[in-house]
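Asker:
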Amino acid sequence: MQAVLRQKLASTLATPALTQAALADLLSCGGYDSHLRRIRRVFADNIDRMTRAIERGFPEGTRVSRPAGGFVLWVELPQPADTRVLFAEAVRRGICFAPGDAFSASSRYRHCLRLSCGYSWDRRIEAGVVAIGALAGAPAGLKAI
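Note that the numbering used here gives residue 76 to position 75 of the sequence shown, counting from 1, and the numbers run on in steps of one.
1) Where does the unbroken beta strand (DSSP E) through Ile115 begin, and where does it stop?
2) Run through DSSP, which three-state label would Arg50 get?
3) Quick check: the Cα distance between Phe104 and Tyr110, rounded to an integer number of angstroms?
4) Could you check whether Val130 and Ile55 sit closer than 8 angstroms to each other, using their CB atoms as the reference points?
5) Distance, Cα to Cα, Pro17 vs Ala99?
6) Candidates Glu127, Ile133, Tyr120: which alpha carbon is nearest Asp83's?
Dropping the structure here:
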């Protein structure tokens, strides 16, 4: 344990000078602020595109909201949808999202899901959203038991 602690101390005692100089330059010349403005526009565009895809492809009665301070969408499916069942089928198809009950200690929000808009929008992301919507609208297999 002592040997590991000594090695950890030696490796973190000082940050590499080149990395520090590059970061200092980025911060002092406004590059970081420019990056934040650009990435905020990208995320806003992703959120808009995903919202439109949900509105087009999810079952009637689906509600979408955008929690403040992030780049995710909260999607509420018409009940009795069960996003745990939906999640299992989506993962089997190589698609991932966060089931709503993961955000509750009491298994609430089983009919809700969270989608991240933090990835570059492309055909693969759009196809994944369309597939989730199709699964959510399927007549059998995705309902709460």
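Where is the CB? At the ideal position from N, CA and C, for every residue including glycine.
Just so it is clear, the structure is predicted and the values come from calculations on it, not from any experiment.
Answerer: In short, the structure shows the following:
1) The amino acid occupying residue 115 in the given sequence is Arg; Ile does not appear at that position. Counting along the chain, the beta strand (DSSP E) containing Arg115 begins and ends at 113–117.
2) The answer is helix: DSSP assigns Arg50 an H, G or I state.
3) Approximately 8 angstroms between the Cα atoms of the pair.
4) Yes, the pair counts as a contact, with Cβ atoms nearer than the cut-off.
5) Those two C-alpha atoms are separated by around 37 angstroms.
6) Of the candidates Glu127, Ile133, Tyr120, the residue whose Cα lies closest to the Cα of Asp83 is Ile133.
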